[in-house]
Each structure stands twice: as structure tokens, then as C-alpha cells.
Amino acid sequence: MSTPFARLLKVELKLMVRDPLVLTFVFVLPVLTMLIIGGSFGTKPQPGFAGRDPAHWYVASYLTVVIAATGLVMLPVHLASYRERGVLRRFAAAGFPSWSFALAQLVVGLVAVVAASAIELGVAAPVYGVPALHDFWRVAVGIGLGAVAFVGIGVLLGTLLPSARSAQAVGLMLFFPSFLLGAGGPPPRALPHAMRSIANLLPLSQVTDAIRDPWLGLGSASVSLIVVAVLAVATTILAARRAAL
Amino acid sequence: MCSWRAAAIVAAMLTSNVVTVRGLQKCYGARKVVDGVDLDVLEGEVVGLIGANGAGKTTTVECIQGLRRPEAGTLRVLGLDPVREPERLRALIGSQLQDSALPDRLRVGEAVELFSPRGARRGGEELLEQFGLAERRRSAFASLSGGERQRLFLVLALLGRPRLVILDELTQGLDPAARRGVWAAVSQLREDGTTVLLVTHELDDAEALCDRVVAMRAGRILDSGPPAELVDRHARRATIRFGLEEVYSSDALLEELRDVPGVERVERAGPRATVYGDRRAIAHVGSALVGNGSVPADLSVQIPSLEDALLGLLDGAQAPCLTDDHEYDLIGATR
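Line order of the protein sequences matches chains A and H.
Counted the way the working numbering counts, the first sequence spans residues 1 to 245.
Counted the way the working numbering counts, the second sequence spans residues 246 to 580.
Structure follows, in C-alpha cells:
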């Protein structure tokens, strides 16, 4: 690995696994909360969960918690910290290609999503079992586009917020409502009408629908998938422009 | 642009200049921070940009590095145009940036590997040895002392033996011993023939290290030349002090000193005398004291420094001083 991009990516991956915030929010929190809430409603199919096993409902839903933690907490804090401390200026002055940092963040974000998802499924498998995939490709596309969309959002937030502290504050304020209403909280059928309307507007809800529905055989969620695809394209273009060195 | 001026610019760029800047202008919003700067740095020179905070020094070098896009002006650095070929140029320059850190958890060895141009890793190990950081190879950046961090930045700037090294406030926050170590490193660069552009408001650094200094204020160049010449031009005054207890017929001596070449003023305060004049006065006053047969043991001479020269220059300039705005990293900001 000797190209500037390869060197940058290698270092960024190392730094990711050394960051306690990343370990906590991306790798530990989703697994812990999935174990707790997945065991709270039993394993018998229930109408509130579209006739599915509640534990399986949450196992499928919590992949998007990983995506949200990466995009709304890990990346904004990381980037804002780099900007605040002049690290990006140092990369630029050292002659790293202008696109290299943005691409490295995309790859690091996707690696974090894949690794944390694998851990979540690995822990869920012996406890609740992993539900069968009804439509593998739609689920894979949903995860891929959702991850790209939220990595884009994370990079954008990191380039807009002035400091690591503000990025952490804003990131957490966005993460917890998204987590509770859009992925890891009560199922949509248990929510009052107003709350459900708000939940439907959240980008994370669209990602969750695009993954969970084809996974559990609840439908194709084509509209959600299109929304997520548009979001992925838009945030990637904006993030690439903003994060150019 | 007039044809004769364009021809002059081209001619200048064809010489052995490592850096050629003509008519550089840079604004942040409505505020002009660099206003018509002309600058030449020759191969192998150590040139210092000096001036108060907000003088436009850092912005000037950021334009030279291709980190900022100027509003007007012509730049040529190592034969490249920083505006059109910034990435190519930056890879050829060694840079130590002001207020620029590394990730806290990045280790020293990893930083060297990250910033090493292809094939320069061995040089990185040698530099770590040279700057006393070899034992800290596995230490995280956050655990380094201020001096160690500055030495690491210098190592990173020198990786791959760049022809041009830009050092911005290199000794800021260093203790005297660490500062001397950095001075030795820059002197070594000069001996190796590396061209160095030093940005500092530590005037001791500039006086000790630079072949030539360029004094800036409010985005403009006030004067430039070797440090000694700047001192001669803008701070000629020397101050000589001594006690009168050991001096025979002190009143006669003080009267004699008033007529000595170079002396401007002689003052007596109780048992002590102070003589003000230019630097020639130092020799003449010394000669008069020796002639008087008594050289006071507490004789002291204060000669003007580059700091005095800069203060003299700034006193003479009427332009308003710009204040420093807090500027975030270039990324995600308007350049």
C-alpha cells in the first residue's frame, strides 16, 4: 500500500478502531439495545409487528441503527475534529489528492457498517436467530444505498459544523429521535398517528423500510428504496464537494 | 497588464527563483489581507516573513502552497503555478503549518509512513533518529510534549528531501533548548542547499536563521533585506550604560562623550550614565573610557535587534493593522 490514498485509508481504518466513540456507538450500542428490546416482546408473531416474530423484527431493523450511528455520530465528530484541529489542512498541504479524504471516509464508513452489522448478526444468531431473507438483492441494495446516504450525511455534517463538540451535540440530537422513531423503538403500528407521520419523514425510517420489508417478506418497499437512492446520490455529490482537500 | 511589466514577470520567472510572486492579492470577504505583495526566493536561500499578527504572512504562504486561491497576482513556485497545479506542487513542498495538528491516536511511526512520499520511508527513519524521536515511534501524537510535536512536524516537512520547505511559526511554544534544536535543524537545511521560507513573529528565529527577511504589515511588504541591513536601516540606535563611581572626573568625561562621533544624547541619573547613539558610538565611547583610564566593571551595551528594527518599521507605517480572524480548516470553507 504505497499510493497516498492507500496510506490515508490504512491510517483512517486504524484510527477508527482506536476511537472509543466509534466502539461505543457503532459497535456496542446497537448490539446491546438489540438484545434488550429484541427480548422484550417475546418471540411469538404479533399483529403489532406485522404478524412477525418481534425479535426477528428488531434483528432486521437494527442494521439501520448501525448505519445511523456511523452517519450521525461517528463521521460528523471525526471530520469536525479534523477541521477544527487543522488536520485536513495538513493533508492538503502534503499533496494528498483532493478526492482522497472524501473517498477514504466513504470506505471507512462502509467498512464500519459492514463490520458492526456482522457483529450484530453474529450476536443475534445464537440468541434470537437471524430471520430468513425473502428478497436478498433488495435487502443488499437497501443496505448499500442506506449506508452510502448516511455516510454522505455524516460527511456533510462534519464539514458544516464548526467543532467536534457541536458535531457531537447535533449528531446525538439527530441520532436518538431517528433511532427511536425510525428503527429501534416501538413498531410503527404501535405509534400514534402524529408520531407515525413524523417517523415517516425521517430518512432513517425510509432506510429501515427499504431493508426490513423485503427481508421479512412484508413488501418490496420500492418507494422507500427510491427515496434512499435519491438521498444517497444527493448526499454523496454534496459530501464529495465539501470534503475535497 | 502593461507589456513591459509582463515581460519583467516572465524574465523573473526564468531565473533560478524557487518562488516568484508578483502583485499578489487575497481577500477574505470584503477584507483585503494581502495587498500587492511581490516576493522572490532564490534557490538555497533562507527567507523569513516577519510582521505582527494579521500582517498577511500566513495567507501569503498559503497562496504560495496552492492552499488558497488569490484574487489577483502571478505566482510561480518550483516552476509550477500554484493556482493551476496545486496538488502537483504541494507534493514537492515540505510544509510545517501554523495551528495544524495530527489525529490524537496516530502514532509517530504511522505519521511518518502516512506522509512519506513513495520510497522515502528509510529517510523517515533517519529523520526520526536525527530529531531524537526514534524512541517515540510507537507513541500516540497526543502523548508527545510540545517540543516533540514540533520536531515531528519538522520531520514530516522534510520527508522526501523537498527542494522548498515552508515553516510557519515553527518554534511557537517551545522551550529555549528545544528552540535551539530546531535552529540547528534549519541551519542544517541551509547547509544542504534546501530553500526555506520561514514565517514567524519570533524575531530571534528570523535573525538567527534567515539570509533575508521580508517585513509585512496590513498585507503589504514594508521592507526586505538581510537582517543586519534591516537593523541598520530602521534601528540604528545603541545604548551604552555604566556607573560613574570608578570613573575619574566624571563630569569632564560626560562632557567629552557629548562630542564623540555617533553620540546623540548623554544622560546622567545619580551614579549612572546612559549614552544614546548609533552603533559607531559604541567604539568611540569605549575608546573614550579607555582614554580616561578607567573602564567601569558594570559597562553594558544594548545593540539594536531585528525586533527593534521591526518596531521602528511598524512605527513608521501608517496603515491600520488587521486583526486575526479565526479561520477554520480550508476544507468546507470558502477559499
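We treat Cβ as the ideally placed atom computed from N, Cα and C, and that holds for glycine.
What does the Cβ neighbour count give for residue i, buried or exposed, with the cut at 16 atoms within 10 Å?
i      : result
A:I143 : buried
A:V230 : exposed
H:D560 : exposed
A:S117 : buried
A:M173 : exposed
A:A140 : exposed
A:F101 : buried
H:R321 : buried
A:L181 : buried
H:D574 : Residue placement at H:D574 is poorly supported in this model, since its pLDDT is 45, which falls under 50; the coordinates are not used for a value here.
A:S246 : Within the shown structure, residues of chain A are numbered from 1 to 245, placing residue 246 of chain A beyond reach of any answer.
H:S340 : buried
A:K44  : exposed
A:Q105 : buried
A:W57  : buried
H:I204 : Shown here, chain H extends from 246 to 580; a query on residue 204 of chain H therefore has no answer.
Along the chain, where does the beta strand (DSSP E) containing residue i start, and where does it finish?
i      : result
H:E509 : 508–514
A:M248 : The structure shown does not extend to residue 248 of chain A, since chain A is modelled only from 1 through 245, so no value can be given for it.
H:Q270 : 262–273
H:Q341 : 338–341
H:D449 : First-last for H:D449: 448–454, but that is the alpha helix (DSSP H), not the beta strand (DSSP E).
H:I485 : 482–488
A:G154 : From DSSP, A:G154 is part of no beta strand (DSSP E) but of the alpha helix (DSSP H) over 136–160.
Could you check whether residue j and residue i sit closer than 8 Å to each other, using their CB atoms as the reference points?
i      : j      : result
H:A473 : H:A526 : no
A:A239 : A:L145 : no
H:I466 : H:V306 : no
A:S178 : A:L72  : yes
H:V476 : H:P549 : yes
H:R383 : H:R352 : yes
A:V87  : A:L9   : no
H:L325 : H:L312 : no
A:W215 : A:P131 : yes
H:V431 : H:V400 : no
A:V11  : H:E370 : no
H:G301 : H:M461 : yes
H:V266 : H:D283 : yes
H:K223 : H:T319 : Nothing about residue 223 of chain H can be reported from this structure: the residues present for chain H run from 246 to 580 only.
For residue i, decide whether its Cβ has a neighbour in chain H, counting only Cβ atoms nearer than 8 Å.
i      : result
A:G95  : yes
A:G92  : Looking at the sequence itself, residue 92 of chain A is Ala, so the reference to Gly does not match. Output row for A:A92: interface = yes.
A:R52  : no
A:L23  : no
A:R165 : no
Could you tell me whether the Cβ of residue i comes closer than 8 Å to any Cβ of chain A?
i      : result
H:D569 : For H:D569, the pLDDT reaches just 39, beneath the cut-off of 50, and the residue's location in the model is therefore unreliable, although a value from the coordinates is still provided. Output row for H:D569: interface = no.
H:F360 : yes
H:Y573 : No answer about H:Y573 holds up, because its pLDDT of 40 lies below 50 and its placement is not dependable.
H:Q310 : yes
H:G577 : Confidence at H:G577 is low in this model, with a pLDDT of 40, below 50, so its placement is unreliable and no value can be given for it.
H:R580 : With a pLDDT of only 39 at H:R580, under the threshold of 50, the placement of this residue in the model should not be trusted; the figure read from the coordinates follows. Cβ-Cβ to chain A under 8 Å: no for H:R580.
H:R408 : no
H:E332 : yes
H:A346 : yes
H:S390 : no
What are the boundary residues of the alpha helix (DSSP H) that includes residue i?
i      : result
H:N537 : 525–537
A:A169 : 164–182
A:M34  : 29–38
H:R457 : Run containing H:R457: none in the alpha helix (DSSP H); it sits in the beta strand (DSSP E), 457–462.
A:A124 : 100–127
H:S494 : Per DSSP, H:S494 belongs to no alpha helix (DSSP H) and is neither H nor E.
Legend entry - Stretch pair the stretch 64–79 of chain A + the stretch 144–157 of chain A: three plus CB contacts closer than 8 Å: Touching, per the Cβ criterion.
Legend entry - Touch test, the stretch 529–536 of chain H against the stretch 499–508 of chain H, Cβ-Cβ under 8 Å, three pairs minimum: Touching, yes, given that three or more Cβ pairs across the two stretches are closer than 8 Å.
Legend entry - Stretch pair the stretch 178–188 of chain A + the stretch 77–97 of chain A: three plus CB contacts closer than 8 Å: No: the two stretches stay apart, fewer than three of their Cβ pairs being nearer than 8 Å.
Legend entry - Inter-stretch contact (C-beta, 8 Å, three-pair minimum) for the stretch 510–523 of chain H and the stretch 434–442 of chain H: No, the stretch 510–523 of chain H does not touch the stretch 434–442 of chain H.
Inset, instruction - Assess, as a yes-or-no matter, whether the stretch 211–225 of chain A is touched by the stretch 74–83 of chain A under the definition of 3 or more beta carbon pairs within less than 8 Å. - result: No: fewer than three Cβ pairs fall under 8 Å.
Inset, instruction - Could you tell me whether the stretch 401–418 of chain H touches the stretch 426–440 of chain H, where touching means 3 or more Cβ pairs closer than 8 Å? - result: Because the criterion of three Cβ pairs below 8 Å is met, the stretch 401–418 of chain H and the stretch 426–440 of chain H touch.
Inset, instruction - Would you check if the stretch 446–463 of chain H and the stretch 289–299 of chain H touch, i.e. whether three or more CB-CB distances between them fall below 8 Å? - result: Contact between the stretch 289–299 of chain H and the stretch 446–463 of chain H is present, because at least three Cβ pairs lie under 8 Å.
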